[in-house]
Amino acid sequence: MTDAPHLTLFNSLTRRLEPFEPVHPGEARVYTCGPTVYNYPHIGNMRAYVFADVLGRTLSHKGYKLTHVINITDVGHLTDDADAGEDKMEKMARAQAQSIWDIAAHYTHAYWADIKALNIRQPARWSIATDYVPQMIAFAEKIAARHCYELESGLYFDVSTVSDYGRLARAVTEEGEGRIEAVEGKRNAADFAIWRKTPAGETRQMEWDSPWGRGAPGWHLECSVMSGDLLGFPFDIHTGGIDHREIHHPNEIAQNQAFCCTNGLDAPANSGAKIWMHNNFLVERSGKMSKSSGEFLRLQLLIDRGYHPLGYRMMCLQAHYRSELEFSWEGLAAALVRLKRMIIVAERLQDVEPGDPAHPKLAPMLETFEKAIGDDLNTAIALTALEDVLGAKKVDPAAKRAAVEAMDAVLGLDLFGTSRADLRLRPTTASVQEREIEDVLARRRQARADKDFATSDHLRDELAGKGVEVMDGDSLGWEWKLG
Ligand code: AMP
Ligand code: ZN
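Using UniProt numbering, read the sequence shown as starting at 1 and increasing by one per residue.
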């Protein structure tokens, strides 16, 4: 036995928990499928990046030198994950009468703003799909003769040319194949375009010359090329949401097998990555969250309603990444209160120099934390261990501060960078100004000190009339909230 740090992860490909054994000793190389930047990300999408962030932070915490790549898809993703429909970017650009490049820039920046607001660490590299088109063409050229065939509409990958196609997926036979729209001449229903030719007589905003004519790369090709180019096959971990387990990732795997001339997935590394990990969905009571249908839940909507974005991060951490998580405003409010409680204690440690976390009282809590996070990222239990440390009595504050810092480096709640005041956001609909509330409260404090309870009650009613609830004796030390 080696004394490697305890870390087991669930591999969707083998459907087992596996110990993390890096391809390159001491290193961890991770690729995360990033957003298609044709619209704002919804908070469900952001759950995928909170998960990838916790994974990356855990790998760093366990001592691995992390190289994390997240891509930005700015071309090639069709309105259906398989081959049907049109390019999401082209469609949005037309609807908004803007260039695709402007659409991509706008939504990429909106996505990065959400990344920052959720305290998600910057990856080593954001790879932009359109920067890699020559590499995509070279990749396709290498596999074309043995694995692809040309049709009127593009270059198609023949999935029967690799072994174990679709092993990763769970639903191909029931739903997946049925959803794949027939393209005349396709040899197998699951065959997919790796290069889409621009139809004769049409011009697309984004198109490049290739040996198969002018056109654009397929979405699956992009991720194979960027992950292989930047991390080298095989790399350690590939992540995405569970929808990617069904079509996008099986297709990436097929391409990787073709490119690396490996075959058969009994050795998982033949797929291009040793471990494939998928986060489950954030759902609404009404069903799956979607951004292609008009109104949807954006992080900014939460902020506009007065919920600090880290409250949403807390909500994600409370669930295991492989479990479905149901969004509700009540659930979000509860997660925010939990975060507030932690921040109140952290504020008391704000000026303490971190010392040695090895304190006998903290040792079992730190151990629980290590075990939980190393056990396929069990953030729910890790959070309770963090709360135990925060609440521990008669512990040297320097040790406590160090322990909290180490745990928060994994969970990313930014406990020492966020204050109670930061958490209190004003809903954009609120008509009353914070200054005004504080003034009335100061007058009310004075009235109470003077034992003038009539005035005190009157001021409380005045605030209530403006939708502000006064919170006397609140255990979190909050004086008011918007009702
Ligand atoms: P997209 O921009 O559609 O390519 O999606 C970005 C990421 O969000 C992908 O990893 C998806 O699998 C993931 N995703 C999409 N919807 C949800 C959801 N409701 N909950 C969690 N992850 C999601
Ligand atoms: Zn991808």
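Built from N, CA and C at the ideal position, the CB exists for glycine as well.
Between the alpha carbons of Ala-392 and Glu-479 lies a gap of roughly 26 Å. With a threshold of 7 Å, the Cβ atom of Thr-36 counts as near the ligand AMP, since some heavy atom of the ligand is closer than that. Ordered by chain, the residues meeting the criterion of a beta-carbon within less than 5 Å of a non-hydrogen atom of the ligand ZN are Cys-33 and Cys-223. A direct Cα-Cα distance of roughly 30 Å separates Leu-310 from His-77.
Nearest C-alpha to Tyr-132 among Cys-223, Arg-47 and Glu-330: Cys-223. Ranked by Cα distance from Arg-460, the first of Trp-112, Lys-340, Arg-443 and Asp-450 is Arg-443. DSSP places Arg-125 within a strand segment (E or B) once states are collapsed to three. For Ala-346, the distance from the CB to the nearest heavy atom of the ligand AMP is not below 7 Å.
In the DSSP assignment, Asp-53 falls outside any beta strand (DSSP E) and within the unbroken alpha helix (DSSP H) covering 43-61.
No Cβ-Cβ contact shorter than 8 Å links Thr-14 with Thr-73. Distance from the CA of Gly-473 to the CA of Ala-335, rounded to the nearest whole angstrom, comes to 21 Å. The alpha carbon of Arg-214 has as its nearest neighbour, out of Thr-198, Ile-103, Thr-8 and Met-226, the alpha carbon of Thr-198. In this structure, the beta-carbon distance from Glu-18 to Thr-8 falls below 8 Å.
Val-468 sits in a strand when the DSSP states are folded into three classes. Short of 6 Å from the beta carbon of Trp-208, and not among the five residues preceding or following it, lie these beta carbons of its own chain, in chain order: Val-133.
Taking a C-beta distance under 8 Å as the contact criterion, Tyr-38 and Tyr-107 qualify as a contact pair.
In the DSSP assignment, Pro-250 falls within the unbroken alpha helix (DSSP H) covering 248-260. Annotation: Val-183 to Asp-114 spans about 38 Å, alpha carbon to alpha carbon. In the DSSP assignment, His-278 falls within the unbroken beta strand (DSSP E) covering 273-279.
In terms of side-chain proximity, the C-beta atom of Arg-47 is found nearer than 7 Å to a non-hydrogen atom of the ligand AMP. The residue among Ala-421, Tyr-49, Arg-305 and His-61 with its C-alpha nearest the C-alpha of Ala-403 is His-61. Per DSSP, the continuous alpha helix (DSSP H) segment holding Asp-388 begins and ends at 379-391. For His-77, there is no enclosing alpha helix (DSSP H), as DSSP marks it with neither H nor E. Between Lys-65 and Gly-26, the gap from beta carbon to beta carbon is short of 8 Å. Residue ranges of uninterrupted alpha helix (DSSP H) with 4 or more members, entirely inside the stretch 90-163 and ordered along the chain, are 100-117 and 133-147.
Collapsing the DSSP output to three states places Asp-351 in coil. Ranked by Cα distance from Ala-358, the first of Leu-317, Leu-118, Ala-346 and Arg-401 is Arg-401. The ligand AMP approaches Met-289 closely enough that one of its heavy atoms is under 7 Å from the residue's Cβ. Of the other Cβ atoms in all chains shown, fewer than 16 fall within 10 Å of the Cβ of Lys-451; this residue is therefore exposed. Shown here, Asn-11 sits in a strand according to DSSP, grouped into three states.
Annotation for Asp-243 indicates a beta carbon within 7 Å of some heavy atom of the ligand AMP.
Scanning its chain for C-beta atoms nearer than 8 Å, with the 5 sequence neighbours on each side dropped, one finds around Asn-188 the residues Asp-158, Val-159 and Ser-160, in chain order. By DSSP's assignment, Val-30 forms a beta bridge with His-68 and Ile-237.
A Cβ-Cβ contact shorter than 8 Å links Val-410 with Arg-57. For Asn-279, the Cβ falls inside the 7 Å cut-off from some heavy atom of the ligand AMP.
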